[in-house]
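In the numbering used here, the protein residues as written are 1 to 235.
Glycine is no exception: its CB is placed at the ideal position from the N, C-alpha and C atoms.
Because the structure is a prediction, the values reported are computed rather than measured.
The structure appears below as structure tokens.
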């Protein structure tokens, strides 16, 4: 078993990470906890209350579980156990060793999870974790390029009229033509909160949006171009 930079390997054969060794991924989770999460939590505790700390928990992990279950690795029982149990351990351990740290579970971006079925599956997974009381909310657009845009109010439905002239329907990547209402990250955050509250009506999560590389929303004409497209700017 091996765990490096948060990646959990359920078993290692000849130096290669192998999935499918144990259905509960217990060996990999043990090392993830002891070699990664525990030292991190101890370090965070030293600075808890001394400097403001906000954490984004495991970018892309739960989104992969929500949308890539058909993949033989991403959809295996071992991977599901690693993602779910690993994130639960990380969140609860940090929460129990600190008092002032804000944690946000990663929720990918609107061009990935914005479709209704993806959002509902993601919200269901979050609900199954049972850690919402330790979380401040969700992070979106981490390492991605989607513009924040303008949030639509409840009277505007960009999908109902894809020629909608309201500025909140501005759609440089053409997501609305793919029946994805998350044409910008503000609209995605609204949809995400609604989906999560259907599963967890007692919780109102906050959202943070990564603007590190989304300063030019016209740099891409296709949101599937995710690997360092050119001409991007700081948001």
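Worksheet item: Do the segment 151-159 and the segment 170-187 make contact, defined as three or more Cβ pairs closer than 8 Å?
Response: Look at the beta carbons and you see the segment 151-159 touching the segment 170-187: at least three pairs across the two are nearer than 8 Å.
Practice prompt. Report yes if the C-beta distance between residue 118 and residue 29 is below 8 Å; otherwise report no.
Written response: No, the Cβ-Cβ distance between residue 118 and residue 29 is not below 8 Å.
Discussion item. If you reduce the DSSP assignment to three classes, tell me which class residue 127 lands in.
Written reply: Residue 127 carries a helical assignment under DSSP once its states are collapsed to helix, strand and coil.
Fill in: Which of helix, strand or coil DSSP assigns to residue 48
DSSP places residue 48 in strand when its eight states are reduced to three.
Item to complete: Can you have a look at residue 70 and say buried or exposed, based on whether 16 or more other CB atoms are within 10 angstroms of its CB?
Response: It counts as exposed.
Worksheet item: DSSP three-state call for residue 4: helix, strand or coil?
Response: Per-residue confidence for residue 4 stands at a pLDDT of 40, beneath the threshold of 50, marking its modelled position as unreliable; the derived number appears in the next sentence. Three-state result, residue 4: strand.
Discussion item. Measuring alpha carbon to alpha carbon, tell me which residue in 138, 49, 81 and 203 is nearest residue 186.
Written reply: Selected option, being the one with the closest Cα: 138.
Worksheet item: Ordered along the chain, which non-local residues of its own chain (more than five positions away) have a Cβ less than 8 Å from that of residue 45?
Response: So the qualifying residues of the chain are 97 and 98.
Item to complete: In the DSSP assignment, find the beta strand (DSSP E) that holds residue 101 and state where it starts and stops.
Response: Here residue 101 belongs to no beta strand (DSSP E), and DSSP marks it neither H nor E.
Fill in: Cα-Cα separation between residue 110 and residue 190, rounded to whole angstroms
In a straight line, the C-alpha of residue 110 is about 10 Å away from that of residue 190.
Item to complete: Following the continuous beta strand (DSSP E) through residue 54, name the residue where it begins and the one where it ends.
Response: Where residue 54 is concerned, the enclosing beta strand (DSSP E) starts and stops at 54-57.
Worksheet item: Pick from 43, 206, 151 and 37: whose alpha carbon is nearest that of residue 58?
Response: For residue 58, the closest C-alpha among the options 43, 206, 151 and 37 is that of 37.
Worksheet item: Roughly how many whole angstroms lie between the Cα atoms of residue 92 and residue 127?
Response: Residue 92 and residue 127 have their C-alpha atoms spaced approximately 15 Å apart.
Discussion item. For the alpha helix (DSSP H) containing residue 93, name the first residue and the last one.
Written reply: Under the DSSP assignment, residue 93 falls in the alpha helix (DSSP H) whose first and last residues are 77-97.
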